[in-house]
Amino acid sequence: MAVPLEKREIVFVERCKGVNGLEKVVLREVRGCSAEVYLYGGQVMSWKNEHEEELLFVSSKATFKPPKAIRGGIPICFPQFSNLGPLEPHGFVRNRFWSIDDDPPPFATTSPNKAFVDLILKLSDEDFKIWPHRYEFRLRITLGPGGDLMLTSRIRNMNTDGKSFPFTFAYHTYFSVTDISEVRVEGLETIDYLDNLKNRERFTEQGDAITFESELDRIYLSTPTKIAILDHERKRTFVLRKDGLPDAVVWNPWDRKAKAMADFGDEEYKQMLCVEAACVEKPITLKPGEEWRGRLEISVVPSSYCSGQLDPRRALQSG
Ligand code: BG6
1 MAVPLEKREI VFVERCKGVN GLEKVVLREV RGCSAEVYLY GGQVMSWKNE HEEELLFVSS
61 KATFKPPKAI RGGIPICFPQ FSNLGPLEPH GFVRNRFWSI DDDPPPFATT SPNKAFVDLI
121 LKLSDEDFKI WPHRYEFRLR ITLGPGGDLM LTSRIRNMNT DGKSFPFTFA YHTYFSVTDI
181 SEVRVEGLET IDYLDNLKNR ERFTEQGDAI TFESELDRIY LSTPTKIAIL DHERKRTFVL
241 RKDGLPDAVV WNPWDRKAKA MADFGDEEYK QMLCVEAACV EKPITLKPGE EWRGRLEISV
301 VPSSYCSGQL DPRRALQSG
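In this text, residue positions in the sequence shown follow UniProt numbering: the first is 1, and each later residue adds one.
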C-alpha cells in the first residue's frame, strides 16, 4: 500500500550522482518539492514544485562535460559578467568543481529550513594565474518549506597583499516557460537598460511590461528588488526577490542565436527565459577581509494572484 506523502520519511538532503556521474545534492521538502545542485559549477540544475513539474530550463543539448559550462539551471557568473573584462565570458566559477562546506560561518539569522546545502569554492593556483586574487566564495542553496528557492552568495577578499578586488556577478537563472511569445516580465517598467544588441547603448523601458517577439539581451539598471515573470499559458508566475544585486539581465536568444549555440536546441528558445539577478553596471569592490552578500529568492504563485500588480495585498483588495 502506498504510504501517504505526509507519513513518508523525508530525506531533506541527499548526496548522489547525476548525469555523467557528476556529484549532486538533492534537496527535498515536505510538500514534495525538490531541487538539485551540481558541485560542478555550484549550479542548481533542477527545481520542481510539489507536482514534480520542472521550473528551470535545461537544454536537451546541454553537455554535462567539464570544462564546458552546463546550459541551463542557475549558472553563477563571477568574477566577471559577460565579456565586460579580460576573463572568459561570465567568469570561471561556473566551470569549476565546488566542495561541500561542512562548517560555514553562521548566518545572522537562523532559519528553520532543513533542506539546504552550503558550498564553497576556493581559489586554486591555476585560477590565481588567471585572476590574481585570493577569495572564498560560499554559496548556500535552500529549498524553503513552501518550495521557494533561495541562493545566498558570500564572497570574501582573502588577499594578504593589501589589494582590493572588483567583480561583477549574476545568478544566470534559466526559467522554464510554456511559450515565450505569451510571457510578460513585470517590474522593470520605466527602468533604464543597456542594450547588449546595440553596443550597450542606454535606453529607458517604455512598455508596461516586457514581452518577447525577437532576440532580447538587456541589462536593466538599479531595478526594484521584486520582478515577476508571468507564464500566461500555464497561469504561473515566478516572483524574484533580490538583495545586494541592483541590476537584472533579461535574455532570450531567439531563433538565429539558438541555432548558433551548439549546446542549445534550435527551437528551445520558445521554452526558456533568463532573468538574472545581477550586479553589472557598478562593480563591487572588496577590500581585504571584507565580505559581500548577494541573495536571490524565487517563488511560484498562480498568475491570477499577481498579474499586473506585484503586491498580492493590492490584488486582493482590487479583486
Ligand atoms: C546572457 C548575456 O547573460 O548570457 C548574453 O546577456 C549571453 O549576451 C548569454 O549570450 C549566454 O552566455 P553563455 O556564455 O552562457 O553562452
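Even glycine gets a Cβ: it sits at the ideal position worked out from N, Cα and C.
Item: LYS257 and GLU215 closer than 7 Å at C-beta; Value: yes
Item: Local conformation of GLY42 per DSSP, three classes; Value: coil
Item: PRO89 beta carbon near ligand 2 (any heavy atom closer than 6 Å); Value: Ligands present in the displayed structure are limited to ligand 1, and ligand 2 is not among them.
Item: Runs of beta strand (DSSP E) lying entirely within the stretch 30-85, each at least 3 residues, in chain order; Value: 34-38, 43-48
Item: Cβ-based burial, ARG15 [other Cβ within 10 Å; buried from 16]; Value: exposed
Item: Cβ-heavy atom distance, ASP217 to ligand 1, below 6 Å; Value: yes
Item: Under 7 Å between C-beta atoms of PRO104 and ASP118; Value: yes
Item: Meets three-Cβ-pair contact criterion under 8 Å: the stretch 32-48 and the stretch 235-248; Value: no
Item: Ligand 1 heavy atom lying under 6 Å from the CB of ASN196; Value: yes
Item: Integer-rounded CB distance, given that CYS279 should sit under 8 Å from SER243; Value: According to the sequence shown, residue 243 is Asp rather than Ser. Actually they do not touch by this definition, with Cβ atoms about 11 Å apart.
Item: Residues bridged to GLU136 (per DSSP); Value: LYS122, ARG156
Item: As assigned by DSSP and simplified to three states, the class of ASN199; Value: coil
Item: Extent of the continuous beta strand (DSSP E) to which VAL131 belongs; Value: Reading the sequence as shown, one finds Trp at residue 131 and not Val. Segment: none, TRP131 is in no beta strand (DSSP E) and carries neither H nor E.
Item: Distance cut-off 6 Å: TRP292 Cβ against heavy atoms of ligand 1; Value: no
Item: Near ligand 1: ALA82 beta-carbon under 6 Å from a heavy atom; Value: Note that residue 82 is Ser in the sequence shown, not Ala. Under cutoff, so the answer is yes.
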